Amino acid sequence: MSEIPSDQQILVYEQEIKDAEAKIHPLVGFKNHVSELYDEYRENNVFLDKLKQLEEKNIANFRRCRGDGNCFYRAFSYRFFEYFLTNATEQEHQDAIKLLENVKAWLKKIGYQEFAFEDFYDMTMEYFQNCRGIVESELVRIFQEDGTSNAIVVFFRLVVSSFLQTHADDYLPFVDGYETMDVFCQAQVEAFGRDADQIHIIALSNALDVKVKVAYLDASDSKISFHEFGPENSKSLCEITLLYRPGHYDLLYQ
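Under my numbering, think of the first position of the sequence shown as 10, with each following residue one higher.
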């Protein structure tokens, strides 16, 4: 009878998987056609069919993000920056800057001292304020750089944490195993490398007024399903489309 692995052994195994992933994929890749994924699922007809359904819906391109537990935050933040680089007006960009500037007050409201988050805040704001003056390849380079990319991921994690803690009465009933929202956020939101779930997507999309559409690539029925998250009002800052494969998020493009 084999022994049940210890928590430490599980952590070591998970880290080995992440290290192997790091050798194969950059933190953020360049845009590719979804057919690039066919080879990964050549023996899975259900997944292949769903990928082809994306093309039929004119969602033909994707951008891979490294599967390191931060893929949702990295995909979201990259597309958030990219949208204001390529699609938004100057006024929309200024509106987004003002919204991100509010994050400092949100964090102070839940008890954070400024020194605890200022490096992540300052770096994110510096790059976001100047993102309209760069080209796409430069944005990819920024997000491929460990220090910069990870600082931006931490910032967006803090956005989720501050939103959930200031709306604890609304969201705590949907959190299992935690008596308080601050303890949940410390363990499941702020912890670097911790995977995101639907509550994280809902919180981030509502905090930043972003509509998020997720295409689910799974083994369920034959049609690919889309779930939408975010503000109910018709006007949002931007829209982000993600591809979810079991345990992983990438970006999708029309």
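All C-beta atoms in this analysis are idealised placements derived from N, C-alpha and C, irrespective of residue type, glycine included. Note that the coordinates shown come from a computational prediction; the quantities given were computed from them, not determined experimentally.
What are the boundary residues of the beta strand (DSSP E) that includes residue i?
{"i": "residue 70", "result": "70-74"}
{"i": "residue 248", "result": "247-254"}
{"i": "residue 238", "result": "234-238"}
From residue i to residue j, what does the alpha carbon distance come to, in whole angstroms?
{"i": "residue 173", "j": "residue 75", "result": "26 Å"}
{"i": "residue 256", "j": "residue 165", "result": "19 Å"}
{"i": "residue 64", "j": "residue 196", "result": "38 Å"}
{"i": "residue 10", "j": "residue 86", "result": "Low per-residue confidence applies at residue 10: pLDDT is 48, beneath 50, and the placement is therefore not dependable, though the value from the model is reported in the following sentence. When rounded, the distance between both Cα atoms is 46 Å."}
{"i": "residue 149", "j": "residue 241", "result": "31 Å"}
{"i": "residue 318", "j": "residue 67", "result": "Absent from the structure is residue 318, since the part of the chain shown begins at 10 and ends at 263."}
{"i": "residue 198", "j": "residue 205", "result": "8 Å"}
{"i": "residue 169", "j": "residue 162", "result": "11 Å"}
{"i": "residue 159", "j": "residue 228", "result": "32 Å"}
{"i": "residue 51", "j": "residue 59", "result": "12 Å"}
{"i": "residue 238", "j": "residue 217", "result": "12 Å"}
{"i": "residue 46", "j": "residue 230", "result": "20 Å"}
{"i": "residue 102", "j": "residue 49", "result": "38 Å"}
{"i": "residue 215", "j": "residue 176", "result": "11 Å"}
{"i": "residue 33", "j": "residue 41", "result": "16 Å"}
{"i": "residue 258", "j": "residue 180", "result": "23 Å"}
{"i": "residue 211", "j": "residue 142", "result": "30 Å"}
{"i": "residue 220", "j": "residue 96", "result": "15 Å"}
{"i": "residue 140", "j": "residue 91", "result": "8 Å"}
{"i": "residue 108", "j": "residue 154", "result": "25 Å"}
List the endpoints of the continuous alpha helix (DSSP H) containing residue i.
{"i": "residue 53", "result": "Premise fails: residue 53 is in no alpha helix (DSSP H) and is neither H nor E."}
{"i": "residue 150", "result": "145-153"}
{"i": "residue 208", "result": "207-216"}
{"i": "residue 113", "result": "112-118"}
{"i": "residue 136", "result": "123-138"}
{"i": "residue 180", "result": "177-180"}
Assign residue i to one of three DSSP states: helix, strand, or coil.
{"i": "residue 199", "result": "coil"}
{"i": "residue 97", "result": "coil"}
{"i": "residue 275", "result": "Coverage of the chain is limited to positions 10 through 263, which leaves residue 275 absent and any answer about it impossible."}
{"i": "residue 224", "result": "strand"}
{"i": "residue 40", "result": "strand"}
{"i": "residue 187", "result": "coil"}
{"i": "residue 10", "result": "The pLDDT assigned to residue 10 is 48, lower than 50, so where the model puts this residue is not dependable; a value taken from the coordinates is nonetheless given after this. Residue state, collapsed to three classes: coil."}
Assuming residue i and residue j make a contact with CB atoms under 8 Å, what is their CB distance in whole Å?
{"i": "residue 224", "j": "residue 246", "result": "Incorrect: roughly 21 Å between the Cβ atoms, too far for contact."}
{"i": "residue 167", "j": "residue 201", "result": "The pair is not a contact, with the Cβ atoms about 11 Å apart (cut-off 8 Å)."}
{"i": "residue 260", "j": "residue 72", "result": "4 Å"}
{"i": "residue 81", "j": "residue 209", "result": "7 Å"}
{"i": "residue 89", "j": "residue 249", "result": "7 Å"}
{"i": "residue 106", "j": "residue 56", "result": "Rounded, the Cβ-Cβ distance is 40 Å, inconsistent with contact."}
{"i": "residue 119", "j": "residue 171", "result": "6 Å"}
{"i": "residue 244", "j": "residue 235", "result": "The pair is not a contact, with the Cβ atoms about 20 Å apart (cut-off 8 Å)."}
{"i": "residue 70", "j": "residue 262", "result": "4 Å"}
{"i": "residue 39", "j": "residue 83", "result": "Actually they are not in contact, since the Cβ atoms of residue 39 and residue 83 sit about 14 Å apart, beyond 8 Å."}
{"i": "residue 132", "j": "residue 157", "result": "6 Å"}
{"i": "residue 78", "j": "residue 203", "result": "6 Å"}
{"i": "residue 117", "j": "residue 123", "result": "7 Å"}
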